[in-house]
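Numbering (the numbering used here), first residue to last: 13 to 326. C-beta: ideal position from N, C-alpha, C; glycine also.
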Ligand SMILES: [Zn+2]
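In structure tokens form, the structure reads like this:
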């Protein structure tokens with residue numbers, strides 16, 4: 013066991029339970045709300061978060077890792093309040109998305125690392141919430157500033173020991189670029205999850221990611237593009253048959269609310285894209301394909317615990 017930081021305070025890894033490794037409470041574009049504050053209805057968003065998180069708890073989810081980067085509106089106070097109101101255990105994030113982080117273009121890389129380390133060791137802003145995971149992202153391909161972000165993330169990871177969970181663009185095999193940079197920075201790849209790995213059909217790419225030592229985040233389950241549920245489940249079942257259940261995590265990349273689509277459109281276009289889809293629909297589909305209860309427990313409970321149990325700077 014190990015004690016890690018959740019949005020509600022210290023958490024024993026033995027209590028993580030069924031864990032979704034890549035989700036979001038809120039995904040927002042902060043400049044919009046800064047300049048059009050009338051568009052931000054916090055009470056309505058909190059009511060929505062409460063209802064979605066409660067549904068997830070009822071569906072058997074005990075812990076959720078929020079991987080919202082700083083530049084997509086990460087809101088630690090909101091996450092903490094949603095966790096407190098519902099009882100969902102939520103790990104709060106630090107880190108950056110794949111777009112060029114303009115604030116840091118002419119700054120020292122050390123400043124990027126320091127900001128993440130501060131979020132993890134002291135807390136985010138004045139909230140007292142300490143980040144428990146580092147997010148970074150590479151899409152459509154790794155460019156020089158993205159490489160700087162990846163190196164800064166790797167250094168913050170080594171200084172704090174919290175895991176790295178990424179966003180990739182598998183069509184360009186960017187998970188391998190991330191692994192190369194992490195490796196050069198001395199990162200133990202067993203403490204990294206290469207995310208969005210189920211957005212491909214290239215099983216040799218995934219085997220390479222796993223053989224290099226990372227976990228494969230199969231974390232866009234419920235989104236029907238570029239792969240359908242059937243294709244994503246087939247991929248997970250094939251990897252399990254090859255003996256890789258100990259290197260896979262499952263999640264949806266869903267959100268209580270994301271503002272990049274007009275309200276209602278998401279529910280209409282992607283009704284399966286919600287926090288209960290894996291426990292309710294995907295687990296039975298995996299079983300139909302011969303994935304055992306032990307393997308499902310491994311991917312949904314044991315692997316998240318193993319990932320968070322590797323603590324300490326190095
Ligand atoms: Zn995401």
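Environment of ligand 1 in chain order, Cβ to heavy atom below 7 Å
That query returns the following residues: 34, 36, 79, 179, 265.
Since residue 110 and residue 150 are thought to touch, with beta carbons under 8 Å apart, how far apart are those beta carbons, to the nearest angstrom?
6 Å
Would you kindly check if the distance between the Cβ of residue 68 and the Cβ of residue 19 is under 9 Å?
no
Residues that DSSP places opposite residue 267 in a beta bridge:
36
Give me whichever residues DSSP pairs with residue 230 in a beta bridge.
262, per the DSSP bridge assignment.
Taking the alpha-carbon positions, what's the residue 295 to residue 313 distance?
13 Å
Under 9 Å, do residue 37 and residue 102 count as touching if we go by C-beta distance?
yes
Using a Cβ-Cβ cutoff of less than 6 Å, which residues in the same chain neighbour residue 92 once the five nearest sequence positions on both sides are dropped?
19, 141
Whole-angstrom Cβ separation of residue 175 and residue 203, contact assumed at under 8 Å?
5 Å
I'd like to know whether the C-beta atoms of residue 287 and residue 32 end up nearer to each other than 9 Å.
yes
Let me check understanding here. Comparing Cα to Cα, which of 241, 301, 268, 275 lies closest to residue 87?
Of the listed residues, the one whose Cα sits closest to residue 87 is 268.
Taking buried to mean at least 16 other C-beta atoms within 10 Å of its own C-beta, is residue 273 buried or exposed?
exposed
Since I believe residue 14 is in contact with residue 170 (beta carbons under 8 Å), could you give me their beta-carbon distance rounded to a whole number of angstroms?
With a Cβ gap of about 17 Å, residue 170 and residue 14 do not count as contacting.
What does the alpha-carbon distance come out to for the pair residue 56 and residue 63?
11 Å
C-alpha distance - residue 210 paired with residue 278, whole-angstrom precision:
20 Å
Cut-off 7 Å between Cβ atoms - residues of its own chain near residue 308, not counting five sequence neighbours on either side:
295, 298
Euclidean distance between Cα positions of residue 247 and residue 215:
8 Å
Cutoff 7 Å; reference residue 72; Cβ partners in own chain excluding five residues on either side:
Here the set comprises 30, 291.
Thinking just about the alpha-carbon of each residue, which of 304, 285, 280, 17 is nearest to the one in residue 143?
In terms of CA proximity to residue 143, 17 leads the group 304, 285, 280, 17.
When you compare only the Cα positions, how much space is there between residue 166 and residue 199?
7 Å
Along the chain, where does the beta strand (DSSP E) that runs through residue 73 open and close?
It is not in any beta strand (DSSP E) - residue 73 carries neither H nor E in the DSSP assignment.
Between 186, 245, 284, 145, which lies nearest to residue 322 when the distance is taken from Cα to Cα?
For residue 322, the closest of 186, 245, 284, 145 by C-alpha to C-alpha distance is 145.
Counting C-beta neighbours from all protein chains within 10 Å, is the total for residue 115 16 or more, i.e. buried, or is it exposed?
exposed
Rounded to whole angstroms, what's the CA-CA distance from residue 263 to residue 212? Just pull it up for me.
15 Å
Alpha-carbon spacing of residue 164 relative to residue 300, whole angstroms
43 Å
Nearest to residue 318 (by Cα), restricted to the options 281, 303, 265, 257
257
Cα-Cα separation between residue 304 and residue 206, rounded to whole angstroms:
24 Å
Tell me which residues share the same chain as residue 236 and place their Cβ nearer than 8 Å to its Cβ, disregarding the 5 neighbours each side in the sequence.
282, 284
Alpha carbon to alpha carbon, how far is residue 249 from residue 22? Give it in angstroms, no decimals.
34 Å
Residue 223: buried (16+ other C-beta within 10 angstroms of its C-beta) or exposed?
exposed
Residues that residue 252 bridges to, as DSSP identifies them
Partner(s): none; residue 252 has no beta bridge.
Would you identify the three-state DSSP class for residue 141, choosing helix, strand or coil?
coil
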